[in-house]
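In full-length UniProt numbering, the protein residues as written are 1 to 160.
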């Protein structure tokens with residue numbers, strides 16, 4: 001976990017982001033609100049499903065604190081739509097097929113799996129304040145208890 005207050009580059013704030021709902025948004029659209037931006041490797045995998053469910057279970061608590069949640073992976077809009085519907089997520093999923101947002105946040109890194117090296121998304125979360133600054137980040141993320149830790153960090157950041 002890293003505590004920092006780092007502004008997000010203006011061009012990153014304006015990137016068009018394709019949502020699983022079929023709509024498009026930008027990070028700038030969320031200015032004025034807290035934003036939990038979490039990056040995960042792949043829809044419908046055990047860890048990613050658990051992480052999404054954990055954030056969804058706490059969504060009312062995040063919303064009560066004026067925080068929005070967005071999940072990001074390289075999966076397609078269609079895959080995101082199916083995943084969100086299947087899991088009953090109340091928040092949007094961003095399809096970053098070109099890895100533009102992932103690279104802007106530095107979450108594409110070399111990974112190893114069964115002795116094979118490849119580039120992929122390192123599970124990461126960024127807590128973004130209403131002025132579009134990174135208030136806190138977690139990288140890499142261990143799923144158990146993570147959504148609760150992000151909620152606690154949000155509460156702490158708001159009490160400063």
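Backbone N, C-alpha and C fix where the C-beta goes; we use that ideal spot for every residue, glycine too.
{"query": "Which residues DSSP lists as bridging residue 6, in chain order", "result": "134"}
{"query": "Cβ neighbours of residue 50 in the same chain (closer than 6 Å, five flanking residues each side left out)", "result": "143"}
{"query": "Local Cβ density within 10 Å of residue 71, reported as buried at 16 or more and exposed below that", "result": "buried"}
{"query": "Close-in-space but distant-in-sequence residues of the same chain around residue 93 (CB under 6 Å, 5 per side omitted)", "result": "20, 71, 80 and 84"}
{"query": "Cα-Cα separation between residue 62 and residue 89, rounded to whole angstroms", "result": "14 Å"}
{"query": "Per-residue burial, residue 66 [other beta carbons within 10 Å of its own, 16 or more giving buried]", "result": "exposed"}
{"query": "Short Cβ contact (7 Å threshold) for residue 58 with residue 157", "result": "no"}
{"query": "Distance between residue 75 and residue 87 (C-alpha atoms, nearest Å)", "result": "16 Å"}
{"query": "N- and C-terminal bounds of the alpha helix (DSSP H) containing residue 59", "result": "59 to 64"}
{"query": "CA-to-CA distance, residue 124 to residue 43, given in whole angstroms", "result": "15 Å"}
{"query": "Classification of residue 56 by the beta-carbon crowding that lies within 10 angstroms, buried from 16 upward", "result": "buried"}
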